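Report on the following structure.
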Amino acid sequence: MANITPYLSRVEGRDRLRITHSRPVVFWMTGLSGSGKSTIASAFEARCIAEGHAAFMLDGDTVRTGLCAGLGFSPEDRSENLRRIAETAKIVASAGQIVVVCAISPDQASRDRAREIISPAADFYEVYVSTPVEECARRDPKGLYKKAYAGEIPSFTGVSAPYEVPQKPDIVLDTVNASVEECAGLLFGYAMDSAYRPDFLLSEMAKAAARASAAILEIYNGQYEVSFKEDASPLTTADTASNKVITEHFRSVFPEYDILTEEEDDSDRDAHGIPKRLNGCGTFIIDPLDGTKEFINRNGEFCVSIGFADHHRVMAGVIAVPARGLLYYAYEGRGAYKTVITEDVAEKGIARLFAEEEQIHVSDRTEGLRITASRSHGDKQTEALLERNKDRIGDILTAGSCLKGCLIAEGEADIHYRWGAFMKEWDTAGMEILCREAGASFTDINGNPLAANRADPVNRNGFRILNRPEAALDVCDIK
Ligand code: ADP
Numbered sequence: 000m001a002n003i004t005p006y007l008s009r010v011e012g013r014d015r016l017r018i019t020h021s022r023p024v025v026f027w028m029t030g031l032s033g034s035g036k037s038t039i040a041s042a043f044e045a046r047c048i049a050e051g052h053a054a055f056m057l058d059g060d061t062v063r064t065g066l067c068a069g070l071g072f073s074p075e076d077r078s079e080n081l082r083r084i085a086e087t088a089k090i091v092a093s094a095g096q097i098v099v100v101c102a103i104s105p106d107q108a109s110r111d112r113a114r115e116i117i118s119p120a121a122d123f124y125e126v127y128v129s130t131p132v133e134e135c136a137r138r139d140p141k142g143l144y145k146k147a148y149a150g151e152i153p154s155f156t157g158v159s160a161p162y163e164v165p166q167k168p169d170i171v172l173d174t175v176n177a178s179v180e181e182c183a184g185l186l187f188g189y190a191m192d193s194a195y196r197p198d199f200l201l202s203e204m205a206k207a208a209a210r211a212s213a214a215i216l217e218i219y220n221g222q223y224e225v226s227f228k229e230d231a232s233p234l235t236t237a238d239t240a241s242n243k244v245i246t247e248h249f250r251s252v253f254p255e256y257d258i259l260t261e262e263e264d265d266s267d268r269d270a271h272g273i274p275k276r277l278n279g280c281g282t283f284i285i286d287p288l289d290g291t292k293e294f295i296n297r298n299g300e301f302c303v304s305i306g307f308a309d310h311h312r313v314m315a316g317v318i319a320v321p322a323r324g325l326l327y328y329a330y331e332g333r334g335a336y337k338t339v340i341t342e343d344v345a346e347k348g349i350a351r352l353f354a355e356e357e358q359i360h361v362s363d364r365t366e367g368l369r370i371t372a373s374r375s376h377g378d379k380q381t382e383a384l385l386e387r388n389k390d391r392i393g394d395i396l397t398a399g400s401c402l403k404g405c406l407i408a409e410g411e412a413d414i415h416y417r418w419g420a421f422m423k424e425w426d427t428a429g430m431e432i433l434c435r436e437a438g439a440s441f442t443d444i445n446g447n448p449l450a451a452n453r454a455d456p457v458n459r460n461g462f463r464i465l466n467r468p469e470a471a472l473d474v475c476d477i478k
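For the sequence shown, numbering that gives the first Met the number 0 gives the first residue as 0, with consecutive numbering after it.
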């Protein structure tokens, strides 16, 4: 390779990611002809695009019409064909796409080489589409098995040429027992795990919350000053200390993500005057000390609330309750959990993130409901609600801050209603995902979903949490 000097791009991977939203990942689908590679890959690609993720399908047959035209089916040509596909997949993935390759790739050596080529640049999954040859021949979507059995196609994989079953595939798709949509959904789950790394993300969020919790308690147990913000809400040194701990942690671990926090202005705009975080690939939504009034009143009902949103949806959340030493957390599709804050959590994150014994669920009560009411904000709508529905309400629990959401998520309370434009996204993001993952519905007061990471972070239409749809109260005329 004399006289060749590869030119390195000055663009960093994370800046590219801000635009494409996707961490580089390649799904390498291997299996017999007719096993279902293209059908599943196409459904998977369509699902990614529909949900706003850049994805690209590289089909073995399609590349043979262009990039690999001229290559035949001798072992050498097949090997060269796969090498070119692997190099192409690497480039496309590096450009910020979720890539799905469909290639029979009959031998383990060429699949291992594909992994070697691709994995420095992208997460690599070897996906074995395990359909037996008899089933592939029965389907025979391209009429090739008929020809192969008639001896018209020499070296046809599975008939007259060998197929080496993957020894350690990362994913196996059983198309006899799972539908196209189910197989594509399974790949989609892996793609999302790769894009957001749920274990890593949640664990780092838990670390930040546990550290913030310690910083808050140190101040809580000593002397602190109270000042007042422009809107007359109180601010203590604990709010600022907690904000510093959390934002410094996220800015160092996740430089690619944006931050929306109660304690910092949100003035970072793009050339069109739109908040930059709207164009990013993920935003932490932070209330470093939710319930400053409870903190000052020393009733222990204050929280650290952190949500993570992408595609205008909260995907992950962590709520720490420092005075009680508790940590609640949830990830979309993975459930809601409760654990205790330890020094280990602050240092290393949560060891067993999705431990079944720590999972929490909403109650199934639909009568004798336990409704939570805000400790700091009494209002006429809530009074009217309680009066009108008094036959259905068993108990009124007062609780400050987003502790309300935690109580509902763990089944201690059942419902909460809040009217008006008082709450901001940072007040609700953490408890929204926690409640949703515990089985509740979390919407605006009219039952409409709340978009996350909006230009205007005020929740203009209040919010409502219901453990069960049947628990909805009569709100007729309450405004
Ligand atoms: P390959 O790309 O592996 O050669 P294709 O996707 O072209 O295979 O063909 C697979 C055939 O099997 C299609 O006709 C598809 O409709 C059919 N099929 C039936 N069930 C499934 C399934 N669960 N997953 C994928 N394909 C399936």
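Built from N, CA and C at the ideal position, the CB exists for glycine as well.
Only a predicted model underlies this, so the values are computations on that prediction, with no experimental measurement involved.
Helix, strand or coil for Pro233, going by three-state DSSP, please let me know. Strand.
Could you check if Thr260 belongs to the surroundings of the ligand ADP, using beta carbon to heavy atom distance under 7 Å? Not under cutoff, so the answer is no.
Examine the ligand ADP and report whether any of its heavy atoms sits within less than 7 Å of the Cβ of Ala398. Every heavy atom of the ligand ADP is 7 Å or more from the Cβ of Ala398, so no.
By C-beta, the residues closer than 7 Å to any heavy atom of the ligand ADP, given in chain order: The set of residues whose C-beta lies within less than 7 Å of a heavy atom of the ligand ADP reads, in chain order, Gly30, Leu31, Ser32, Gly33, Ser34, Gly35, Lys36, Ser37, Thr38, Ile39, Cys101, Val128, Arg138, Pro140, Lys141, Thr174, Ala177, Ser178, Val179, Cys182.
If you follow the beta strand (DSSP E) that Asp198 is part of, which residue opens it and which one closes it? Careful: Asp198 lies outside any beta strand (DSSP E), inside the alpha helix (DSSP H) at 197-219.
Quick check: the Cα distance between Lys146 and Glu125, rounded to an integer number of angstroms? Distance between the alpha carbons of Lys146 and Glu125: 29 Å.
Taking the alpha helix (DSSP H) that Arg138 belongs to, which residues open and close that run? In the DSSP annotation of this structure, the continuous segment of the alpha helix (DSSP H) that includes Arg138 starts and ends at 132-138.
Considering just the uninterrupted stretch of the alpha helix (DSSP H) at Glu431, what are its terminal residues? Unbroken alpha helix (DSSP H) run through Glu431: 424-436.
Alpha carbon to alpha carbon, how far is Asp14 from Ser118? One C-alpha to the other measures close to 20 Å.
C-beta contact flag for Cys182 and Gly157 at 8 Å: Cβ distance not < 8 Å, so Cys182 and Gly157 don't count as in contact.
Counted within 10 angstroms of its Cβ, other Cβ atoms place Val244 as buried (16 or more) or exposed: So Val244 ends up on the buried side.
Starting from Ala319, trace the alpha helix (DSSP H) both ways and give me its first and last residue. Per DSSP, Ala319 lies in no alpha helix (DSSP H) segment; the continuous beta strand (DSSP E) that holds it begins and ends at 312-320.
Sorted by chain position, which residues of the same chain lie with C-beta nearer than 6 Å to Pro197's C-beta, five sequence neighbours on each side aside? Here Pro197 has Tyr330 as same chain residues with Cβ atoms under 6 Å from its own Cβ, once five neighbours each way along the sequence are excluded.
For the segment 50-64 and the segment 88-105, state whether three or more C-beta atom pairs, one from each stretch, are separated by less than 8 Å. They touch, by the three-pair rule.
Inter-residue spacing [alpha-carbon to alpha-carbon] between Leu7 and Arg112: Going from the Cα of Leu7 to the Cα of Arg112 covers about 23 Å.
Can you look up Cys47 in the DSSP assignment and give me helix, strand or coil? In the three-state reduction of the DSSP assignment, Cys47 falls in the helix class.
Endpoints, the beta strand (DSSP E) within which Leu406 is located: For Leu406, there is no enclosing beta strand (DSSP E); the enclosing alpha helix (DSSP H) covers residues 402-408.
Spatial neighbours of Thr338 within its chain, please: C-beta separation below 7 Å, excluding the five flanking residues on both sides. Answer for Thr338: Leu326, Ile349, Glu357, listed in chain order.
For Ile116, I'd like the list of residues in its chain whose CB is within less than 7 Å of its CB, leaving aside the five on either flank, ordered along the chain. If we look at Ile116 and ignore the five residues flanking it on each side, its Cβ neighbours are Ala85, Glu86, Lys89.
Local conformation of Tyr494 per DSSP, three classes: Look at the range of the chain in this structure, 0 to 478, and you will see that residue 494 is not part of it.
According to the Cβ coordinates, are Pro23 and Arg110 closer than 8 Å? Going by C-beta atoms, Pro23 is not nearer than 8 Å to Arg110.
My assumption, with CB atoms under 8 Å, is that Pro321 sits in contact with Phe301. Please give the rounded CB distance. Right, their Cβ atoms sit about 7 Å apart.
Could you tell me the alpha carbon to alpha carbon distance between Trp418 and Val474, rounded to whole angstroms? Their backbone Cα atoms lie some 11 Å apart in a straight line.
Cβ-based burial, Gln96 [other Cβ within 10 Å; buried from 16]: By the neighbour-count criterion, in which 16 or more other beta carbons inside 10 Å mark a residue as buried, Gln96 falls on the buried side.
So, helix, strand or coil for Glu356, using DSSP? Under the three-state reduction of DSSP, Glu356 is assigned to helix.
Answer with buried or exposed for Phe462, where buried requires no fewer than 16 other C-beta atoms within 10 angstroms of its C-beta. The residue is buried, with at least 16 neighbouring Cβ atoms inside 10 Å.
Inter-residue Cα distance where the pair is Pro74 and Tyr336: The straight-line gap from Cα to Cα measures roughly 52 Å.
Could you work out which residue in Tyr256, Gly332, Ile359 is closest to Ala308 when comparing CA atoms only? When each option's Cα is compared against that of Ala308, the closest is Tyr256.
Going by CA-CA distance only, name the one from Thr381, Pro168, Val457 that's closest to Ile284. Shortest Cα-Cα distance from Ile284 to any of Thr381, Pro168, Val457 involves Val457.
Rounded distance between the beta-carbons of Asn298 and Gly507, thought under 8 Å: In the structure as shown, the chain starts at 0 and stops at 478, and residue 507 therefore has no counterpart that could be examined.
Residues in the same chain with beta-carbon distance under 6 Å from Ser154, minus the five sequence neighbours each way, listed in chain order, please. Only residues of its own chain outside the window of five on either side were considered, and among them Phe72, Ala160 have a CB closer than 6 Å to the CB of Ser154, listed in chain order.
Taking only the alpha-carbon atoms, compute the straight-line gap between Lys206 and Ala471 and give it to the nearest angstrom. Approximately 36 Å, taken between the alpha carbons.
By the 10 Å Cβ neighbour count, where 16 or more other Cβ atoms means buried, how is Asp476 classified, buried or exposed? Exposed is the call here.
From Arg82, Cys67, Ser34, pick the residue whose C-alpha is nearest to that of Glu133; which is it? Among Arg82, Cys67, Ser34, the Cα nearest to that of Glu133 belongs to Ser34.
Would you call the CB atoms of Ala437 and Val303 closer than 8 Å? The beta carbons of Ala437 and Val303 sit no closer together than 8 Å.
Cα-Cα separation, Leu16 to Thr64: Taking the CA atoms as reference points, Leu16 sits about 31 Å from Thr64.
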